[in-house]
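Notes follow once the structure below has been shown.
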Ligand code: FAD
Ligand code: DLZ
Ligand code: SF4
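Spelled out as structure tokens, the structure:
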């Protein structure tokens, strides 16, 4: 059982026999170092694995558990399976399909008989997604989502969606509120794991202390119950809003629990639906939340497996700039980037709009190599696993898949950031300046991006308006925008603090 398979209902456990099978769980350097994970993410994984192993033992399972610093640990999943198998003269391995190509391939190459079972914690199987995708020109999430609503019956009245509409996103773009209360519940960490992670991975980007994530299903459920009361009612309205020093806004902060297996996607949706039926949260909030899980989460998994192993290497816009040091905490004068990266370092968390419209938007506009962007996102968030991170980064955020997920690039000038946040108020740059020394870099880079990629996007009807505005601009102004953008990027490349 892998570190993201911590579910008592896991397919592999259901098929195993308590009397004769042994559960193998292993903390290994291979998994802890395939990217420089945030120390909070490694600590969360090891604590949750250890507590899950205890739970299994209490239920009567025999568990072979490798701690990272066990002297005999071979430091790879395959190595540990072989080591335990040789001690037991076993016939083979029962595995639940790993969520990532790298480990699927590693298990396939083992000199052991591996019986691979589907991961049926997801609502759509690989076959379901392939059937849905077959013959479609465009794989739009919205249509997939409707199928998932029908399949689960969530927020349905017979064949029709509750409230008469499938999607209430239109109501979910309110500017940030004043003062905000929701913060996730926190829990006590395991001291032994904290010391281990500090000693081995304390130099990775990210603060290990203070650590407050839930590490069992019971704790994660408590955190979620708390959010259902205090966060869900406002989740829809302020889903896209950002405020300085408010890292969580009204978001659920459950991605890490769902992805590790501590919470079940259907169950959390059913609980949110019950809150709606009890009249304690509005439909736009509850529909929005359910859509993220049975829509987006299932959809990106479908795309990851449909598109295959080379997906993470795609670079449709041929972007080659290196990821600037500010992503690893070097100072920046851009308040929006400073806030988003700062909280990422502290919390191993940023919410969706920060990931998409601040750091992602910046990387795309600046033409950063998507492979480097992908590695960064995979490393820094506690909920990051390749199957969900890569489609969001390579596809949705960087348009590096050429438009499989996004019908147009998610780009914006400073104006959008100003509308949705309070960041610009305390920034060294001026969001209203389009050119000049203090011009917001997002303003310069936005036009530079559109101009650079005109051939690619000029025919896209959803972008026609952007090009019309650009083309109407005075020629001298356009030249100075492009000139200043180049100057700004040159400073970035020279390692200046920008
Ligand atoms: P909430 O906003 O409260 O939403 C509830 C749940 O819905 C999330 O926990 C998540 O399970 C699901 N969800 C919401 N949006 C998405 C989405 N676009 N794709 C898949 N599931 C979604 N999510 C990850 O789980 N792991 C990642 O590594 C990851 N990387 C991302 C990178 C980029 C560039 C972008 C734009 C998005 C990424 N997401 C990722 C999606 C989303 O941002 C996170 O799931 C969300 O921010 C997690 O915080 P939360 O639990 O508070 O979510
Ligand atoms: C993320 C992670 C980390 C940091 N460490 C381990 C580990 O030591 N052992 C393990 O089984 N799983 C770990 N994981 C989760 C795996 O990397 C995850 O299962 C794969 O990336 C597949 O999604
Ligand atoms: Fe970000 Fe520009 Fe606003 Fe500064 S002015 S916070 S760089 S959008």
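In the working numbering, the protein residues as written are 1 to 498. Glycine included, each C-beta is placed from N, C-alpha and C at the ideal position.
Short note on residue 41: C-beta closer than 7 Å to some heavy atom of the ligand DLZ.
Bounds of any alpha helix (DSSP H) do not take in residue 94; it lies within the beta strand (DSSP E) bounded by 93 to 96.
By the Cβ-count criterion, residue 8 is exposed, with fewer than 16 other Cβ atoms from all chains shown falling within 10 Å of its own Cβ. For residue 118, the closest of 362, 11, 104 by C-alpha to C-alpha distance is 11. The set of residues with a C-beta under 5 Å from any non-hydrogen atom of the ligand SF4 comprises 334, 335, 336, 414, 417, 423, 424, 427, 429, 431, 440, 442, given in chain order. For residue 476, the uninterrupted alpha helix (DSSP H) segment begins and ends at 475 to 493.
Under a 10 Å Cβ-count criterion, residue 465 is classified as exposed, with fewer than 16 other Cβ atoms of the shown protein chains found around its own Cβ.
Listed in chain order, the non-local C-beta contacts of residue 373 below 7 Å within the same chain comprise 323, 363, 393, 398, local neighbours out to five positions each way being set aside. Distances taken from the Cβ of residue 254 to the heavy atoms of the ligand FAD include one shorter than 7 Å. Distance from the CA of residue 47 to the CA of residue 446, rounded to the nearest whole angstrom, comes to 43 Å. Looking at the DSSP output, residue 20 sits in no beta bridge, so it has no partner there. Approximately 5 Å separates the beta-carbon atoms of residue 35 and residue 378; this is inside 8 Å, confirming the contact. In the DSSP annotation of this structure, the continuous segment of the alpha helix (DSSP H) that includes residue 258 starts and ends at 255 to 260. As computed with DSSP, residue 430 is found in a beta bridge with 439. In the three-state reduction of the DSSP assignment, residue 198 falls in the helix class, which pools H, G and I.
DSSP, reduced to helix, strand and coil, places residue 66 within a strand of the structure shown. For residue 420, the enclosing alpha helix (DSSP H) stretches over residues 414 to 420. Per the coordinates, the alpha-carbon of residue 27 lies some 8 Å from the alpha-carbon of residue 49. The residue among 149, 209, 300, 188 with its C-alpha nearest the C-alpha of residue 133 is 300.
Residue 270 and residue 286 have their C-alpha atoms spaced approximately 10 Å apart. Residue 405 carries a coil assignment under DSSP once its states are collapsed to helix, strand and coil. DSSP, read as helix, strand or coil, puts residue 161 in strand. Short note on residue 85: C-beta not closer than 7 Å to any heavy atom of the ligand FAD.
Residue 241 is a Cβ neighbour of residue 420, given a cutoff of 8 Å. The three-state secondary structure of residue 275, taken from DSSP, is helix. By a beta-carbon distance limit of 8 Å, residue 88 does not contact residue 30. Their separation comes to about 22 Å. Nearest to residue 154 by alpha-carbon distance, out of 265, 54, 254, is 265. For residue 116, there is no enclosing alpha helix (DSSP H); the enclosing beta strand (DSSP E) has its first and last residue at 114 to 117.
Between residue 481 and residue 349, the C-beta spacing is not below 8 Å. The ligand FAD approaches residue 377 closely enough that one of its heavy atoms is under 7 Å from the residue's Cβ. For residue 173, the secondary structure class from DSSP, reduced to helix, strand or coil, is coil. Looking at 191, 305, 449, the one whose alpha-carbon comes closest to that of residue 127 is 305. Cβ contact annotation for residue 276 (same chain, cutoff 7 Å, sequence separation greater than five): 283, 286, in chain order.
Around the C-beta of residue 303, 16 or more other C-beta atoms lie within 10 Å, and the residue is accordingly described as buried. When secondary structure is reduced to three states using DSSP, residue 368 falls in the strand class.
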